[in-house]
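One structure below.
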Amino acid sequence: MLRITKDFQFSASHRLDHLAEGHQCARVHGHNYTVQLELSARSREDLTEAGFVRDYGDLSDFKKWLDTELDHRHLNEVVPGFNPSAENLAMWIFEVWAERFSEISAVRVSETPKTWAEYRP
Ligand SMILES: Nc1nc2c(c(=O)[nH]1)N=C([C@H](O)[C@H](O)COP(=O)(O)OP(=O)(O)OP(=O)(O)O)CN2
Ligand SMILES: [Zn+2]
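Residues in the sequence shown are numbered from 18 upward in steps of one, following our numbering.
Take a look at the structure:
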């Protein structure tokens with residue numbers, strides 16, 4: 018198995034519902050998010066002639082999408098009907114982008130330097 022990853026950043030605010038009374042994350046607050054896309058190939062035969070799983074540069078449309086749809090936005094207003102936890106964001110991003118890039122094998126979302134959530138179906 019060959020795996021490549023690329024990190025992308027965006028900044029956004031959110032509020033999390035369904036938390037215990039007084040939970041700090043129930044208040045509107047912001048994060049400098051990192052989204053990591055992981056793409057995989059099974060073997061050498063699945064690589065491009067250049068030896069790539071996929072050219073990192075091909076992911077520029079994902080960067081554009083993050084900048085347009087999520088960067089400097091209030092996530093509760095822009096994600097389609099889910100509580101914008103890191104787990105839900107990772108799952109949603111996977112579902113949207115695995116259609117475009119079939120090599121995507123996992124999506125990781127970090128809200129803070131200490132936390133990561135991963136979706137890997
Ligand atoms: N499993 C999850 N737990 C939490 C999520 C999440 O998306 N998934 N999100 C939050 C908050 O949005 C926010 O990320 C706060 O996280 P937390 O690490 O608890 O906050 P701090 O950075 O203040 O943590 P310190 O330990 O005080 O540095 C909460 N939980
Ligand atoms: Zn948060």
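Ideal placement from N, C-alpha and C gives every residue a C-beta, glycine not left out.
Please read these numbers as outputs of a predicted model, since none were measured by experiment.
Helix, strand or coil for residue i? Go by DSSP, reduced to three states.
i	result
residue 74	helix
residue 51	strand
residue 69	coil
residue 10	Because the chain in this structure spans residues 18 to 138, residue 10 falls outside the shown range and cannot be described.
residue 19	strand
Suppose contacts are defined by Cβ-Cβ distances below 7 Å. Is residue i in contact with residue j by that definition?
i	j	result
residue 9	residue 108	Here the chain comprises residues numbered 18 to 138, so residue 9 is not present and cannot be evaluated.
residue 87	residue 27	yes
residue 58	residue 19	yes
residue 126	residue 134	yes
residue 60	residue 45	no
residue 99	residue 93	no
Apart from the five residues on each side of it in sequence, which residues of its chain come closer than 7 Å, Cβ to Cβ, to residue i?
i	result
residue 70	19, 21, 56, 57, 58, 64, 120
residue 67	none
residue 35	100
residue 118	56, 71
Could you check which residue in the options has the C-alpha nearest to that of residue i?
i	options	result
residue 83	49, 98, 67	49
residue 116	79, 91, 85, 93	79
residue 110	35, 53, 132	53
residue 102	23, 90, 42	42
Could you tell me whether the Cβ of residue i comes closer than 7 Å to any Cβ of chain B?
i	result
residue 53	No chain B appears in the structure shown, which is made up of a single protein chain.
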